[in-house]
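Reading through the C-alpha coordinates given below for one structure.
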(Lines of atoms letter the chains of each structure in order from A and count residues from 1; the text may use other names and numbers.)
(Lines give C-alpha, C1' and ligand atoms only; values in the text may rest on other atoms or scores of the structure.)
Protein backbone atom coordinates (compact mmCIF):
# COMPACT_ATOMS: atom_id res chain seq x y z
CA UNK A 1 0.00 0.00 0.00
CA UNK A 2 1.55 3.34 -1.00
CA UNK A 3 2.29 5.88 1.70
CA UNK A 4 0.38 9.16 1.23
CA UNK A 5 3.15 11.15 2.97
CA UNK A 6 5.81 10.00 0.51
CA UNK A 7 6.17 12.85 -2.04
CA UNK A 8 8.71 10.98 -4.16
CA UNK A 9 6.06 8.70 -5.64
CA UNK A 10 3.29 11.23 -6.33
CA UNK A 11 3.55 13.84 -9.12
CA UNK A 12 3.39 17.53 -8.18
CA UNK A 13 -0.03 19.10 -8.08
CA UNK A 14 -0.88 20.99 -11.31
CA UNK A 15 -1.02 24.79 -11.15
CA UNK A 16 -4.42 26.34 -11.70
CA UNK A 17 -4.91 29.24 -14.08
CA UNK A 18 -5.86 31.57 -11.23
CA UNK A 19 -2.51 30.76 -9.44
CA UNK A 20 -0.53 31.54 -12.59
CA UNK A 21 -2.43 34.79 -13.11
CA UNK A 22 -1.93 35.86 -9.52
CA UNK A 23 1.81 35.23 -9.78
CA UNK A 24 2.12 37.22 -13.01
CA UNK A 25 0.22 40.18 -11.55
CA UNK A 26 2.42 40.24 -8.44
CA UNK A 27 5.61 40.06 -10.50
CA UNK A 28 4.57 42.54 -13.20
CA UNK A 29 6.82 45.36 -11.98
CA UNK A 30 9.83 43.08 -11.20
CA UNK A 31 12.98 43.53 -13.30
CA UNK A 32 15.78 41.00 -13.77
CA UNK A 33 19.04 41.64 -11.96
CA UNK A 34 22.17 42.56 -13.91
CA UNK A 35 24.34 39.54 -13.08
CA UNK A 36 27.47 40.93 -14.73
CA UNK A 37 27.83 43.83 -12.32
CA UNK A 38 29.89 42.91 -9.25
CA UNK A 39 30.20 45.44 -6.49
CA UNK A 40 33.82 45.87 -5.38
CA UNK A 41 34.56 45.11 -1.77
CA UNK A 42 35.95 48.04 0.17
CA UNK A 43 39.74 47.75 0.45
CA UNK A 44 41.14 47.16 3.90
CA UNK A 45 43.90 49.43 5.10
CA UNK A 46 47.37 47.92 5.29
CA UNK A 47 47.95 46.69 8.85
CA UNK A 48 50.52 48.72 10.70
CA UNK A 49 52.22 47.90 13.99
CA UNK A 50 51.63 51.14 15.84
CA UNK A 51 53.68 50.22 18.89
CA UNK A 52 56.46 48.16 17.27
CA UNK A 53 59.35 50.48 18.09
CA UNK A 54 58.21 50.93 21.67
CA UNK A 55 57.80 47.16 22.10
CA UNK A 56 61.24 46.47 20.63
CA UNK A 57 62.85 49.02 22.96
CA UNK A 58 61.05 47.47 25.94
CA UNK A 59 62.23 43.95 25.03
CA UNK A 60 65.80 45.19 24.60
CA UNK A 61 65.67 47.00 27.96
CA UNK A 62 64.32 43.88 29.70
CA UNK A 63 66.97 41.65 28.13
CA UNK A 64 69.76 43.98 29.26
CA UNK A 65 68.38 44.18 32.79
CA UNK A 66 67.70 40.44 33.12
CA UNK A 67 69.58 38.63 35.85
CA UNK A 68 71.19 35.65 34.16
CA UNK A 69 71.13 33.63 37.36
CA UNK A 70 67.38 34.16 37.78
CA UNK A 71 66.55 32.63 34.42
CA UNK A 72 65.00 29.21 34.88
CA UNK A 73 65.93 26.70 32.21
CA UNK A 74 63.61 23.74 31.94
CA UNK A 75 65.09 20.56 33.42
CA UNK A 76 64.84 19.01 29.95
CA UNK A 77 66.51 21.96 28.26
CA UNK A 78 69.92 21.41 26.70
CA UNK A 79 72.74 23.63 27.88
CA UNK A 80 75.16 24.91 25.29
CA UNK A 81 78.02 27.39 25.16
CA UNK A 82 80.88 27.92 22.73
CA UNK A 83 83.55 30.61 22.98
CA UNK A 84 84.72 32.26 19.79
CA UNK A 85 88.01 30.32 19.93
CA UNK A 86 86.22 26.96 19.42
CA UNK A 87 85.49 25.96 15.85
CA UNK A 88 82.20 24.49 14.69
CA UNK A 89 83.79 21.11 13.96
CA UNK A 90 85.21 20.81 17.50
CA UNK A 91 81.92 21.95 19.02
CA UNK A 92 80.00 19.40 16.94
CA UNK A 93 82.43 16.71 18.12
CA UNK A 94 81.81 17.77 21.74
CA UNK A 95 78.04 17.69 21.18
CA UNK A 96 78.25 14.13 19.83
CA UNK A 97 80.34 12.96 22.76
CA UNK A 98 83.39 12.54 20.52
CA UNK A 99 85.96 13.66 23.11
CA UNK A 100 87.21 11.22 25.70
CA UNK A 101 85.97 12.27 29.14
CA UNK A 102 89.13 12.34 31.25
CA UNK A 103 87.54 13.19 34.58
CA UNK A 104 84.12 13.85 36.08
CA UNK A 105 82.45 15.36 39.12
CA UNK A 106 78.99 14.81 40.60
CA UNK A 107 77.44 17.84 42.32
CA UNK A 108 74.30 16.08 43.58
CA UNK A 109 73.42 16.93 47.17
CA UNK A 110 75.60 20.02 47.39
CA UNK A 111 74.35 23.51 48.16
CA UNK A 112 74.95 26.16 45.51
CA UNK A 113 77.82 27.68 47.51
CA UNK A 114 79.46 24.28 48.05
CA UNK A 115 78.94 23.32 44.40
CA UNK A 116 80.60 26.51 43.14
CA UNK A 117 83.70 25.95 45.27
CA UNK A 118 83.96 22.25 44.43
CA UNK A 119 83.40 22.87 40.73
CA UNK A 120 85.96 25.70 40.56
CA UNK A 121 88.57 23.49 42.24
CA UNK A 122 87.71 20.56 39.93
CA UNK A 123 88.05 22.71 36.78
CA UNK A 124 91.36 24.21 37.97
CA UNK A 125 92.74 20.77 38.89
CA UNK A 126 91.62 19.33 35.53
CA UNK A 127 93.32 22.16 33.62
CA UNK A 128 96.51 21.66 35.67
CA UNK A 129 96.46 17.95 34.79
CA UNK A 130 96.09 18.77 31.09
CA UNK A 131 92.58 17.34 30.75
CA UNK A 132 90.83 18.47 27.60
CA UNK A 133 87.30 17.20 28.28
CA UNK A 134 85.52 16.59 31.59
CA UNK A 135 81.95 15.79 32.59
CA UNK A 136 80.05 17.73 35.23
CA UNK A 137 76.95 16.03 36.62
CA UNK A 138 74.62 18.70 37.98
CA UNK A 139 71.34 16.77 37.92
CA UNK A 140 68.03 17.67 36.34
CA UNK A 141 66.60 19.47 39.35
CA UNK A 142 63.66 17.11 39.70
CA UNK A 143 63.81 17.40 43.50
CA UNK A 144 63.93 21.21 43.45
CA UNK A 145 60.17 21.66 43.13
CA UNK A 146 58.94 24.95 41.70
CA UNK A 147 62.39 26.52 41.97
CA UNK A 148 63.44 24.44 39.00
CA UNK A 149 66.91 23.02 38.41
CA UNK A 150 69.00 25.22 40.75
CA UNK A 151 72.42 23.61 40.24
CA UNK A 152 71.87 23.26 36.51
CA UNK A 153 71.18 26.97 36.23
CA UNK A 154 74.17 27.87 38.42
CA UNK A 155 76.58 25.55 36.57
CA UNK A 156 75.47 27.13 33.27
CA UNK A 157 76.28 30.60 34.66
CA UNK A 158 79.57 29.69 36.34
CA UNK A 159 81.06 27.81 33.40
CA UNK A 160 80.33 30.75 31.07
CA UNK A 161 82.27 33.08 33.37
CA UNK A 162 85.49 31.08 33.70
CA UNK A 163 88.12 31.72 31.04
CA UNK A 164 89.48 28.17 31.35
CA UNK A 165 86.20 26.85 29.89
CA UNK A 166 86.15 26.91 26.09
CA UNK A 167 82.78 25.23 25.54
CA UNK A 168 80.19 23.00 27.15
CA UNK A 169 77.10 21.16 26.04
CA UNK A 170 74.53 18.84 27.61
CA UNK A 171 75.74 15.27 27.57
CA UNK A 172 74.41 12.43 25.44
CA UNK A 173 71.59 10.45 27.05
CA UNK A 174 73.91 7.56 27.99
CA UNK A 175 76.16 10.00 29.88
CA UNK A 176 73.45 11.82 31.84
CA UNK A 177 71.54 13.73 29.16
CA UNK A 178 70.31 17.11 30.33
CA UNK A 179 71.52 16.31 33.85
CA UNK A 180 75.19 16.60 32.88
CA UNK A 181 77.48 18.58 30.60
CA UNK A 182 80.64 17.83 28.67
CA UNK A 183 83.13 20.64 29.26
CA UNK A 184 85.96 21.47 26.87
CA UNK A 185 88.87 23.06 28.74
CA UNK A 186 91.67 25.39 27.69
CA UNK A 187 95.15 23.88 27.66
CA UNK A 188 97.41 25.15 30.43
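Residue numbers (this note's numbering): 52 to 239. C-beta atoms are modelled at their ideal positions from N, C-alpha and C, and glycine is treated no differently. Small disclaimer: the values here were computed from a predicted structure and weren't measured.
With 16 other Cβ atoms within 10 Å as the buried cut-off, status of residue i
| i | result |
| --- | --- |
| residue 186 | buried |
| residue 191 | buried |
| residue 83 | exposed |
| residue 65 | exposed |
| residue 145 | buried |
| residue 111 | exposed |
| residue 210 | buried |
Expected contact under 8 Å - CB spacing of residue i and residue j to nearest Å
| i | j | result |
| --- | --- | --- |
| residue 208 | residue 129 | With 8 Å as the limit, residue 208 and residue 129 do not qualify as a contact, their Cβ atoms being about 16 Å apart. |
| residue 171 | residue 158 | That pair is no contact at about 12 Å. |
| residue 131 | residue 220 | 5 Å |
| residue 178 | residue 236 | 5 Å |
| residue 169 | residue 156 | 7 Å |
| residue 163 | residue 225 | Between residue 225 and residue 163 the Cβ distance is about 28 Å, and since that is not below 8 Å, they are no contact. |
In DSSP terms, what residue i is bridged to
| i | result |
| --- | --- |
| residue 161 | The partner list for residue 161 (beta bridge, DSSP) is empty, contrary to what the question assumes. |
| residue 235 | 184, 218 |
Helix, strand or coil at residue i [DSSP, three-state]
| i | result |
| --- | --- |
| residue 141 | helix |
| residue 155 | strand |
| residue 133 | strand |
| residue 213 | coil |
| residue 205 | helix |
| residue 80 | coil |
| residue 128 | coil |
| residue 173 | helix |
| residue 74 | helix |
| residue 223 | coil |
| residue 111 | helix |
| residue 228 | helix |
| residue 64 | coil |
| residue 167 | helix |
| residue 106 | helix |
| residue 97 | coil |
| residue 179 | helix |
| residue 87 | coil |
Of the residues the options, the one placed nearest residue i, counting alpha carbons only
| i | options | result |
| --- | --- | --- |
| residue 203 | 227, 69, 217, 182 | 227 |
| residue 151 | 85, 158, 181 | 181 |
| residue 184 | 154, 171, 137 | 154 |
| residue 217 | 167, 81, 174, 231 | 174 |
| residue 222 | 76, 136, 148 | 148 |
| residue 188 | 110, 211, 232, 107 | 232 |
| residue 205 | 225, 161, 224 | 161 |
| residue 212 | 134, 73, 67, 105 | 134 |
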